[in-house]
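Everything below concerns the one structure shown next.
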Amino acid sequence: MKESKNISQETDHSSQFDVLILPSEYFFTERVNVPNDLSSSELPEFAELSIEGIAPFPLDQLRWGFVPSADGKSVIIYAAHYERLKRAGFTDLESYNWVLPDLTVFDNTDILDIKEIIQQEETKLWHADIRPKSFKSVERRVRNVTTWVTRIICYAALFTLFLITLEVLLQVSKTWLGTRQAKIDSQRAEVRRIEDKHSLMNKLEQVAQNELRPIIILEAANQIRIDLKNSGIEYDEVVIEGLNRLTIEGKASTINELNEYTKALRNSGNFQLVENPKSITRSGKTTFTATLDYIRTIPSKNIGGVLK
């Protein structure tokens, strides 16, 4: 008796799997012509009806399969009696991925090469497998589920790898940001010292300007008084409020001199009367109080090297 072959081979539709090759002397074969109008999906039923018509035993006692011819015009059906296979020691057929016959020449026209059968698509492999239809139906569903589960596990592994990579990148980013923040913190004190220095310089400049501005305002008002020749205007008290408000309390020889002075202040373009001067005339003297805003719209002479 011819020994069986146990082949482990990798194909496009499956990874490493076991194939049981049974000796050809256990099988009888038959070529059956296929009707022209028969579709590929109807081929298994056609083969089953054909084997029922030509086999001397019921199908439940046979282990059979089929492969289409190269031109698709016929199918080659083969079958072996299950009891004969068991007596030969082939009892554990369900433990293999595929169980196929080792067939050679038919009518000197078609050669069934087992290697070619293994390389075919999975649907044709199921047709060539000799195990019962019920077993192959259940096994096929199980393998499909296993394939999907394997794919899901692979996708989950890839997604997990992606998350790990993302976490590593996040940690690297945090480390980089921490380094940048530390550098910023180390420079913050120096920046604050520079800002304080600039602020102090601005304050000193403002103080210098504020200290000099009252002198400028007073000089401008006094220059107008001096320009009025033969004027009897005298200052008793001068009060400067804020940066530009000037209150003058003084005496004039007559009310006309006071009017001329206030008119000269308005016409200078540097002063604006807040209100009409308050005046009282007694014993030939006019005392007054005038409040003005210094606007300095018209440049005048330099006083002490500073523009008035």
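Just so you know, we're using the working numbering here: the sequence shown kicks off at -6 and counts up by one.
Virtual Cβ for every residue (Gly too), placed ideally from N, Cα, C.
In the DSSP output, which residue or residues are listed as bridge partners for residue i?
i    : result
N269 : According to DSSP, which records beta bridges pairwise, N269 is partnered with nothing at all.
Y71  : T22 and G58
T139 : In DSSP, T139 forms no bridge with anything.
I233 : L239
R275 : K278
E227 : K244
Quick one, are the C-beta atoms of residue i and residue j less than 8 Å apart?
i    : j    : result
L251 : T279 : yes
Y254 : I226 : yes
Y71  : T22  : yes
I264 : D229 : Correcting the residue type first, residue 264 is Phe in the shown sequence and not Ile. Cβ atoms of F264 and D229: not closer than 8 Å.
D122 : W91  : yes
K11  : Y89  : The question names Lys, yet the displayed sequence has Asp at residue 11. In contact: D11 and Y89 (Cβ atoms closer than 8 Å).
A214 : I241 : yes
Let me know if residue i comes out buried or exposed under the rule of 16 or more other beta-carbons within 10 Å of its beta-carbon.
i    : result
G243 : buried
H6   : Residue confidence for H6 is low, a pLDDT of 35 falling below 50, so the modelled location carries little weight; the figure read from the coordinates is stated next. So H6 ends up on the exposed side.
A283 : buried
A40  : buried
V98  : In this prediction, V98 has a pLDDT of 39, which is less than 50 and means its spatial position is unreliable; what the coordinates show is noted afterwards. Exposed, since its Cβ has fewer than 16 Cβ neighbours within 10 Å.
Y148 : exposed
I44  : buried
A73  : buried
May I ask which residues mark the beginning and end of the beta strand (DSSP E) holding residue i?
i   : result
E38 : Note, E38: premise wrong, no beta strand (DSSP E); alpha helix (DSSP H) at L36 to I47.
L93 : W91 to P94
So the alpha helix (DSSP H) residue i belongs to, where does it begin and stop?
i    : result
K66  : Counting along the chain, K66 falls outside any alpha helix (DSSP H), and DSSP gives it neither H nor E.
K256 : I248 to N260
K117 : E115 to A121
task = Specify whether the segment 74 to 82 and the segment 8 to 22 touch according to this definition: at least 3 beta carbon pairs, one from each stretch, less than 8 Å apart.
result = yes
query = Does the pairing of the segment 58 to 65 with the segment 83 to 90 give three or more beta-carbon distances under 8 Å?
reply = no
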